[in-house]
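Its first residue numbered 33, the sequence shown is counted upward by one per residue in this note's numbering.
From the three backbone atoms N, C-alpha and C, an ideal C-beta is built for every residue, glycine too.
Reviewing the structure listed below.
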Amino acid sequence: MQATNQDMLLQVRNLRVKFRTDKKNTFEAVKGISFDIPKNSTVALVGESGSGKSVSSLAVMGLLPEETTIIDPQSSIMFDGRNLLDLTIAQRRKLCGKDISMIFQEPMSSLNPVFTVGFQLGEVLQLHMGMNAKQARARAIELLEEVGIPDPKTKIDAYPSQMSGGQQQRVMIAMAIACEPKLLIADEPTTALDVTIQKQIMDLIAAIQKKHHMAVLFITHDLGLVGEIADHVIVMRHGDVREAGDVKQIFQDPQDSYTRALLHCRPNLDTRPMRLPVIDDYMRDGAKVVEGPERTRGYTDKDEIVLDVRNLAKSFYFREGLFGQREFKAVSDVSFKLPRGKTIGVVGESGSGKTTVGLTLLRLHQATGGQALFHGKDLISMPAKEYQDYKRRIQIIFQNPYASLNPRFTVGQILLEPMRIHKIGANDSERTDMAHALLQKVGLPPVAFYRYPHEFSGGQRQRIAIARCLTMKPEILVCDESVSALDVSVQAQVLNLLQDLQDEFGMSYIFISHDLSVVKYIADQVMVMNKGKVVEIANSDELYRNPQDPYTKTLLGAIPRGLHA
């Protein structure tokens, strides 16, 4: 990133940020980092949760809480020749609303649910551009059209809840570019989005950057995305910059062991190792991981089928008018087989019905048709009393480990409760021993038994959720987007854990995900869903090598491939 000062839009020097944890103690989140953002370029800030990347961007925006934040007096953030840290709150607010803007990670948390998107866009334009209400509305429609919102003249009067996740993120982008800023900060803008929507958002940001000649600071933990959009890359870990350079240099010849780890922890479409490498594999003395044999995947004629789903259907009904009702077919005519010790991957965009399939099989939704034969017994039509004996044999790991664990229970209570309900173990002493063994199995220390969920990271919480499922000794595990919100290294650890458990206990997985790289790694067979129906189903390698349906081809074409041309 060699350039003259005149070419630099943002220059961060010796940025140190501490947070007060109590009256006496502080935690240093950012440890004296320095980096530059040239004009008209895209710089990616990469790192795992806790690396300090979002704190750095919030420091630029002036959005860190004043009461608990300490920024070193020697730090400077020079934007267009002005030190942002010397500005008053009013000056900062004026500058950061107009010349610097930000797209946040979660649009539903950033958009006000009680105002229409048109009102929220118009508010920005009236405040910073001095437009009247009529001018702001006309400009808001233009912005919605620019970011690809269909029928913008109608959608301008929609509330955020009436729009999909991808459309909400487009509204956030429209709001961010409304004042034509010089610097756009995008903080994990595609993390929770489907692969096709993710590609659309990435392409949109790239097109807007080029059209408006903005600089973009793109914050992410996914190096695959970085290679497709960035000119320069800054890699952070534990508040330090580990490596910085041109995107081609970072991808083709990374110098730091941590950068190499980030590049290799994520599953790719070309290889399927027996185990995914994790950060520690690379950080030990800078060792290089030697690639071993690959894992073979796929169903065979000799497989023992444990679950045979036939013509599964689920409809939801909504009131329409005074006396009418409307049927929405969430799942229609879905059929598949699941052998013992194998994994079927279920992929598709949001609204495709993949999660509904999992919840219906668990009878968390009541099916409206079809059969699910588990060892020859139909789970769908089975009386509730009889189903109690089968309930523990099919378990689910939910997407969000923050919401699926009771915050008032210790980990020990979370693990013991299902064992008591299903009378697993002779007494609490035996159940406690089993719980400690399960914690060890999922890689958590014995002391975790006595702690609460909030004391653990997202990856550790997901391990607790897996341990809770294992208390039931299930035969089938439904994994509903169970690694989608995790950092790439933590994701690799959880995927390795799931594979180890499958190898040891012969469990079968229904692995629901929008991440096709992960599905390629973990699944033996892949079922592609669109609008509630199965459009294609085949062994993993065959489907990725030779997709038949145009929708499948679209999904595969949207997978981030790393370095852009």
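Proximity of residue i and residue j at Cβ, strictly below 8 Å
| i | j | result |
| --- | --- | --- |
| Tyr576 | Pro299 | no |
| Lys214 | Met246 | yes |
| Leu119 | Leu127 | yes |
| Leu548 | Leu518 | no |
| Val310 | Ser521 | yes |
| Tyr331 | Asn528 | no |
| Gly490 | Pro439 | no |
| Val515 | Arg495 | no |
| Asp335 | Lys374 | yes |
| Thr444 | Ala458 | Correcting the residue type first, residue 444 is Gly in the shown sequence and not Thr. No, they are not a contact pair. |
| Val78 | His296 | no |
| Lys63 | Gly271 | yes |
| Val366 | Val203 | no |
| Gln137 | Thr223 | yes |
| Ile188 | Ala208 | no |
| Leu255 | Ile591 | no |
| Tyr419 | Arg395 | yes |
| Arg329 | Asp573 | yes |
| Leu216 | Ser83 | no |
| Val156 | His546 | no |
| Val558 | Val551 | yes |
| Thr464 | Val248 | no |
Residues of its chain near residue i, where Cβ-Cβ distance is below 7 Å and the 5 sequence neighbours each way are ignored
| i | result |
| --- | --- |
| Ser436 | Phe430 and Ala497 |
| Gln34 | For Gln34, the pLDDT reaches just 49, beneath the cut-off of 50, and the residue's location in the model is therefore unreliable, although a value from the coordinates is still provided. Nothing meets the Cβ criterion. |
| Met161 | Cys211 |
| Gly390 | Ile428, Val510, Asp512, Ile542 and Ile544 |
| Thr392 | Leu344, Lys346, Val363 and Ala399 |
| Met140 | Pro192 and Gln200 |
| Gln580 | Glu568 |
| Glu99 | none |
| Ala480 | Val443 and Leu471 |
| Arg124 | Gly94 and Leu116 |
Rounded distance between the beta-carbons of residue j and residue i, thought under 8 Å
| i | j | result |
| --- | --- | --- |
| Ser88 | Arg45 | Not quite, the Cβ-Cβ distance comes to about 12 Å (not below 8 Å), so this is no contact. |
| Pro192 | Val149 | 6 Å |
| Ile376 | Phe543 | 7 Å |
| Leu143 | Gln200 | 6 Å |
| Leu236 | Gly180 | 6 Å |
| Lys85 | Asp39 | Not quite, the Cβ-Cβ distance comes to about 23 Å (not below 8 Å), so this is no contact. |
| Gln357 | Phe348 | That pair is no contact at about 10 Å. |
Close Cβ partners of residue i (< 6 Å) along its chain, the five nearest in sequence each way excluded
| i | result |
| --- | --- |
| Ala76 | Phe250, Val258, Ala262 and Val265 |
| Arg304 | Glu326, Arg327 and Tyr553 |
| Lys369 | Ile337 and Asp340 |
| Ala524 | Cys297, Leu308 and Val310 |
| Ile229 | Gly198 |
| Leu47 | Val62, Ile65 and Ser107 |
| Gly589 | none |
| Pro105 | none |
| Ile102 | Lys50 |
Sequence-distant residues of the same chain with beta carbon closer than 8 Å to residue i, five excluded per side
| i | result |
| --- | --- |
| Leu470 | Leu447, Ala499, Leu502 and Thr503 |
| Ala597 | In this predicted model, Ala597 has a pLDDT of only 42, less than 50, meaning its place in the structure is not dependable; the value taken from the coordinates is given anyway. Contacts found: none. |
| Ile205 | Ile135, Val179, Pro221, Ile233, Leu236, Ile237 and Ile240 |
| Tyr290 | Val267, Arg269, Arg274, Glu275, Ile311, Tyr314 and Met315 |
| Met539 | Gly373, Pro506, Glu507, Ile508, Leu509 and Leu533 |
| Tyr482 | Thr442, Val443 and Gly444 |
| Gln158 | Asn164, Ala165 and Ala168 |
| Leu90 | Leu96 |
| Val526 | Gly491, Gln494, Arg495, Ile498, Ser514, Val515 and Leu518 |
| Tyr422 | Phe406, Lys409, Leu411 and Met414 |
Heavy atom of the ligand FMN within 7 Å of residue i beta-carbon
| i | result |
| --- | --- |
| Val310 | With respect to small molecules bound, the structure shown includes none, and the ligand FMN cannot be examined in it. |
Checklist entry - Any contact of the region 501-514 with the region 424-440, i.e. 3+ C-beta pairs under 8 Å? => result yes
Next item on the list: Could I get the ranges of all uninterrupted alpha helix (DSSP H) runs contained in the region 71-118, with 4 residues as the minimum, in chain order?
Entry: 85-93
- prompt: Hey, which unbroken runs of the beta strand (DSSP E) at 3 residues or more fall wholly within the region 393-467?
  reply: 401-406 and 426-429
Should the region 339-350 be called in touch with the region 399-414, which here means at least 3 C-beta pairs below 8 Å? yes
So, does the region 559-574 touch the region 378-392, judging by three or more C-beta pairs under 8 Å? yes
* Can we say the region 95-115 touches the region 155-175, given the rule of at least three CB pairs closer than 8 Å? -> no
Original post:
Can you give, in chain order, each stretch of the alpha helix (DSSP H) that sits fully within the region 176-249 and has at least 4 residues?
Top reply: 184-187, 197-209 and 227-244
Subject >> the region 85-102 touching the region 122-137, judged by at least three CB pairs closer than 8 Å >> reply: yes
So within the region 471-558, which uninterrupted beta strand (DSSP E) runs reach at least 3 residues, ignoring any that extend past its ends? 508-512 and 540-544
Mind listing, in chain order, the continuous beta strand (DSSP E) runs of no fewer than 3 residues lying wholly within the region 238-317? 247-252, 264-269 and 272-278
* What are the start and end residues of each continuous alpha helix (DSSP H) run of 4 or more residues lying completely inside the region 363-395, in chain order? -> 386-393
Jot down the residue ranges of each uninterrupted alpha helix (DSSP H) in the region 113-175, minimum 4 residues, whole runs only, in chain order. 121-130, 139-142 and 149-161
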